[in-house]
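Trainee: For the sequence shown, position 83 (counting from the first letter as 1) is numbered 82 according to numbering that gives the first Met the number 0, and the numbering increases by one without interruption.
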Amino acid sequence: MIGVELRKLALRPRVWLSIGLLCLLPALVAVLLSVSDLAPPPGQGGAFLSAVLRNGALFPAAALAMVLPVFLPLAVAVFAGDAIAGEAATGTLRYLLVRPVARPRVLAAKLVALAVFTVLAVLAVAVTSLVVGLVLFGTGAEAVGQASAATSLSGIDLSPGELALRMAAAIGYIVVSMVGFGSIALFFSTLSDSAIGAALAALAVLIGSSIMETLQAASAIKPYLPTNYWLSWIDFFRNPVFWDNIDKGLLLQAGYVVLFFGAAWANFASKDITS
Numbered sequence: 000m001i002g003v004e005l006r007k008l009a010l011r012p013r014v015w016l017s018i019g020l021l022c023l024l025p026a027l028v029a030v031l032l033s034v035s036d037l038a039p040p041p042g043q044g045g046a047f048l049s050a051v052l053r054n055g056a057l058f059p060a061a062a063l064a065m066v067l068p069v070f071l072p073l074a075v076a077v078f079a080g081d082a083i084a085g086e087a088a089t090g091t092l093r094y095l096l097v098r099p100v101a102r103p104r105v106l107a108a109k110l111v112a113l114a115v116f117t118v119l120a121v122l123a124v125a126v127t128s129l130v131v132g133l134v135l136f137g138t139g140a141e142a143v144g145q146a147s148a149a150t151s152l153s154g155i156d157l158s159p160g161e162l163a164l165r166m167a168a169a170i171g172y173i174v175v176s177m178v179g180f181g182s183i184a185l186f187f188s189t190l191s192d193s194a195i196g197a198a199l200a201a202l203a204v205l206i207g208s209s210i211m212e213t214l215q216a217a218s219a220i221k222p223y224l225p226t227n228y229w230l231s232w233i234d235f236f237r238n239p240v241f242w243d244n245i246d247k248g249l250l251l252q253a254g255y256v257v258l259f260f261g262a263a264w265a266n267f268a269s270k271d272i273t274s
């Protein structure tokens, strides 16, 4: 069942189109930065953008900071919202369930496909941004021929190996965060026969969570909002690493996966398939 879902993922043009569009936005920003040679002052603008002109190896971090708040969740919501509702809308869900495959296995395969899509999307953004960053900005080579080290948010120089390790950890954290959000969209997908409706419901959760994060009156529930710890991956680039919010973020997203995948499981297992 997982193999079937992964083949469908690989063969859908819209999957690769959405990933391509995610990669396009940071590339356009990089071109504008290289043409203008102006980056925001330190502490202003997007994360890491002030350091990109000195070392293009930091551009993947800047690119992830660009796509995470809106564009990456949007792609995840559309993919996850289509998982069940899209099958129902096209009439293929009934034929899928005719096979001697338990519904929980179908739903689990959808979750695995969601995780794979998320990994592909995040890796594509990171890899293409690394290539673009190195081509446009280089590694800050000095007159003596030595590349300048990447600088952490705490002002400490990072070796290429340290930077790669921290970037890999940040990518893993972002993937977990998006799978947590995607599980919400997957749950909505089991409630509707409209993929667009399921995606919009998930985006409503995203917008509502983002708004409540800014409200003083919502401070009591802020630690439990799905978007609250999304940007904590930036703490991997501090010295020492700030583990507190990272640990809380991973635990929160694991809770969302368990809660909403369980709810999707319960609903889908007893749902009457009429289309």
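Yeah, the Cβ is synthetic: ideal placement off N, Cα and C, and Gly gets one too.
For the alpha helix (DSSP H) that contains Gly248, what are its first and last residues?
Mentor: Element bounds for Gly248: Trp242 to Ala268.
Trainee: By Cβ distance, which residues of its chain are closer than 6 Å to Ile245, with the 5 residues on each side in sequence left out?
Mentor: Within the same chain, Ile245 has close Cβ partners Ser231 and Asp234.
Trainee: Taking Gly179 as the reference, which of Val28, Leu249, Trp15 and Leu190 has the closest Cα?
Mentor: That would be Leu249, whose Cα lies nearest to the Cα of Gly179.
Trainee: DSSP three-state call for Phe187: helix, strand or coil?
Mentor: Of the three classes helix, strand and coil, the one that applies to Phe187 here is helix, per DSSP.
Trainee: In whole angstroms, what separates the C-alpha of Leu224 from that of Glu212?
Mentor: Their backbone Cα atoms lie some 8 Å apart in a straight line.
Trainee: Would you grab the beta carbon distance between Pro59 and Gly132 for me? Rounded to a whole angstrom, and I think it's under 8 Å.
Mentor: Indeed they touch by this definition, with Cβ atoms about 7 Å apart.
Trainee: On the criterion of 16 or more Cβ atoms from any shown chain inside 10 Å, does Lys109 qualify as buried, or is it exposed?
Mentor: It counts as buried.
Trainee: If you run the structure through DSSP and keep just helix, strand and coil, what is Ser218?
Mentor: In the structure shown, Ser218 sits in coil (DSSP, three-state: anything other than H, G, I, E or B).
Trainee: Tell me which same chain residues have a C-beta within less than 6 Å of the C-beta of Ala82, skipping the five on either side of it?
Mentor: For Ala82, where only same-chain residues beyond five positions count, the Cβ hits under 6 Å are Lys109, Leu185 and Ser188.
Trainee: Thinking C-alpha only, which one of Ala101, Ala76, Ser158 and Ala125 is nearest Ala298?
Mentor: Because the chain here runs from 0 to 274, residue 298 falls outside it and cannot be looked at.
Trainee: Can you list, in chain order, the residues of its chain whose CB lies under 7 Å from that of Leu8, leaving out five sequence neighbours each side?
Mentor: For Leu8, where only same-chain residues beyond five positions count, the Cβ hits under 7 Å are Val14, Ala112, Val115 and Phe116.
Trainee: How close, in whole Å, do the beta carbons of Leu119 and Ile18 come, if the pair is a contact with beta carbons under 8 Å?
Mentor: At roughly 6 Å, the Cβ-Cβ gap stays under 8 Å, so Leu119 and Ile18 are in contact.
Trainee: What separation, rounded to the nearest whole angstrom, lies between the Cα atoms of Glu4 and Arg53?
Mentor: Those two C-alpha atoms are separated by around 43 Å.
Trainee: Just the Cα atoms here: how many angstroms apart are Lys247 and Gly254?
Mentor: Taking the straight line from one Cα to the other gives about 11 Å.
Trainee: What residue range does the alpha helix (DSSP H) around Leu57 cover?
Mentor: From DSSP, Leu57 is part of no alpha helix (DSSP H); its letter is neither H nor E.
Trainee: Under a Cβ-count criterion, where at least 16 other Cβ atoms within 10 Å of its own Cβ denotes burial, should Ile206 be classed as buried or exposed?
Mentor: The residue is exposed, with fewer than 16 neighbouring Cβ atoms inside 10 Å.
Trainee: Using the C-alpha atoms, what's the distance from Val30 back to Leu10?
Mentor: Taking the straight line joining both Cα atoms gives about 31 Å.
Trainee: Tell me whether Thr226 sits in a helix, a strand or coil according to DSSP, three-state version.
Mentor: If DSSP states are grouped into helix, strand and coil, Thr226 belongs with coil.
Trainee: Could you compute how far the alpha carbon of Ser191 sits from the alpha carbon of Ser208?
Mentor: The straight-line gap from Cα to Cα measures roughly 22 Å.
Trainee: Looking at the unbroken alpha helix (DSSP H) that takes in Thr277, where does it start and where does it end?
Mentor: In the structure displayed, the chain extends from 0 to 274; residue 277 sits before or after that span and is not available.
Trainee: Under the rule that 16 or more other beta-carbon atoms within 10 Å means buried, what is Ala216, buried or exposed?
Mentor: Ala216 should be labelled exposed.
Trainee: Is Leu202 closer than 9 Å to Ala76 when the C-beta atoms are compared?
Mentor: Cβ distance < 9 Å, so Ala76 and Leu202 count as in contact.
Trainee: Express the C-alpha separation of Met177 and Ala163 in angstroms, rounding to a whole number.
Mentor: Distance between the alpha carbons of Ala163 and Met177 is about 21 Å.
Trainee: Taking its Cβ as the centre, do 16 or more other Cβ atoms sit within 10 Å of Ser320, making it buried, or is it exposed?
Mentor: In the structure as shown, the chain starts at 0 and stops at 274, and residue 320 therefore has no counterpart that could be examined.
Trainee: Among Ser269, Leu106, Leu20 and Ala268, whose alpha-carbon lies nearest the alpha-carbon of Ile1?
Mentor: Comparing Cα-Cα distances from Ile1 to each of Ser269, Leu106, Leu20 and Ala268, the minimum goes to Leu106.
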